[in-house]
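The sequence shown begins at 29 in this note's numbering and counts up one residue at a time. No residue lacks a Cβ here, since even glycine has one placed at the ideal position from N, Cα and C.
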Amino acid sequence: MALYGAAAALLAPLGLVLAGLLTDMGDVYTSAAVTADALTMVWLARSAHDLADPRHQPVPPPSPPLPAQPQS
């Protein structure tokens, strides 16, 4: 279920807009810090979701071992 990803995708822009309105528009460093925090929260939510329900992808077969002697 991709609920965390959908919630993060929908709430992150809203949070960024609200954070931009609440902070002083001239303070670029504060806005950058708030943006970085919001993106970190999105990343953490996605990581937690992937850990809780990993995607089942087939694993490729291992490659054959290399020969002991170079072939001429």
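- Residue burial is scored here from C-beta neighbours: A61 has fewer than 16 other C-beta atoms within 10 angstroms and is therefore classed as exposed.
- Taking C-beta atoms under 8 angstroms as the contact rule, A76 and A40 fail to qualify, at a distance of about 15 angstroms.
- When rounded, the separation of the alpha-carbon atoms in A37 and V70 is 8 angstroms.
- Under the three-state reduction of DSSP output, P41 falls in the helix class.
- When only Cα atoms are considered, L72 and P86 end up about 25 angstroms apart.
- By a beta-carbon distance limit of 8 angstroms, L44 contacts T63. Their separation comes to about 6 angstroms.
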